[in-house]
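First the structure, in the form of structure tokens, and then the observations on it.
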Amino acid sequence: MHTEECMDNFNFEMAQMFCQRALDINPTNLKILDMLGNICAELGDVDKAKGISFHPMFLKAVELSPEEGHSKYMYLGQMHTGTEAIQYFSKGIEVMLHKLDEQTQTAALVGAMAAASPDPVDRESDVTPKDVCVAFCSLAEIFFTDLCMQDGAADQCKEAIDKALQYDPENPEALQLMASYLFSVEKVQEGKDYLMRSVAAWLPRQRQEALDKEQRGVELKEEYLQ
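Each residue of the sequence shown is one higher than the last, beginning at 2 in my numbering.
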């Protein structure tokens, strides 16, 4: 599928185009809706979704398949604010963690199959620890901004950041959020330490992601030209 190939190669703009074409043909396909949510989340294309019919589509996807596919929840969380955003992000995280647990349980079986057979076992992982980390960061940001005046918001923000770092300890976004939180509670030196860690983690990742995107884009173009 062209959409999945483009996503694998970090070409989210092209993936969005293919996905939109597929959605025009089959507007209630849950897999396409969930994939589009993931693409739009990567692109940060929230304003576009508010202006067209994506919002009711994702609500329909939630109604039809509430326990499968986290992307629709994460995207709806971006489209809302305050308590509603918290509810969507929290449900998305719940779905993610369930999926991640399933993947962990099947990992041993996959390893056994690979050891017993010379042929490689193809297993596509839908959720990564980084995905969970980013989701907890989204949750923390709501407590840090929209709900900052709510009782207990600071503690809930800190808890979400701690969980984010539990799943991806060197994630630049999570480290930066922790720095912001520490600055807000006047723990300046600790905040500076986390900020420096964030910068140190961010620069190499940005360079590597740019190189990977460029290389995979070239490979994808070559495949289409063949």
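Cβ coordinates follow ideal geometry from the N, Cα and C atoms, glycine included.
- Residues Ala62, Gly70, Ser72, Lys73 of the same chain have their beta carbon placed closer than 7 Å to that of aspartate 35, with the five preceding and five following residues left out of the count.
- In the pairwise beta carbon analysis, the region 173-182 is classified as touching the region 199-208: at least three pairs are separated by under 8 Å.
- A distance below 7 Å between beta-carbons, with the five flanking residues on each side excluded, links alanine 141 to the following residues of its chain, in chain order: Cys158, Ala161, Ile162, Ala165, Leu178.
- Distance from glutamine 106 to valine 128 at the Cβ level is roughly 13 Å; contact not present, criterion being Cβ atoms closer than 8 Å.
- Given a length threshold of 4 residues, each whole run of the alpha helix (DSSP H) inside the region 121-165 is given here in chain order: 130-145.
- In this structure isoleucine 33 does not touch phenylalanine 90 by the C-beta definition: roughly 22 Å separates them, more than the 8 Å allowed.
- In the DSSP annotation of this structure, glycine 70 is not part of any alpha helix (DSSP H), being labelled neither H nor E.
- When secondary structure is reduced to three states using DSSP, threonine 107 falls in the helix class.
- Approximately 7 Å separates the beta-carbon atoms of aspartate 147 and alanine 86; this is inside 8 Å, confirming the contact.
- Taking all protein chains in view, the Cβ of leucine 77 is crowded by 16 or more other Cβ atoms within 10 Å, so the residue is classified as buried.
- Going by beta carbons, methionine 80 and glycine 93 fall outside the 8 Å limit.
- In the three-state scheme derived from DSSP, where H, G and I count as helix and E and B as strand, valine 96 is classed as helix.
- The C-alpha of histidine 56 lies about 25 Å from the C-alpha of lysine 131.
- The straight-line gap separating the alpha-carbon atoms of glutamine 216 and proline 205 is approximately 16 Å.
- Cβ neighbours of leucine 183 within its own chain (closer than 8 Å, five residues either side excluded): Val189, Glu191, Gly192, Tyr195.
- DSSP places glutamate 171 in the coil class of the three-state scheme, outside both helix and strand.
- Valine 96 counts as buried, since no fewer than 16 other beta carbons sit within 10 angstroms of its beta carbon.
- A direct Cα-Cα distance of roughly 29 Å separates asparagine 27 from valine 133.
- Between the alpha carbons of methionine 58 and leucine 24 lies a distance of about 10 Å.
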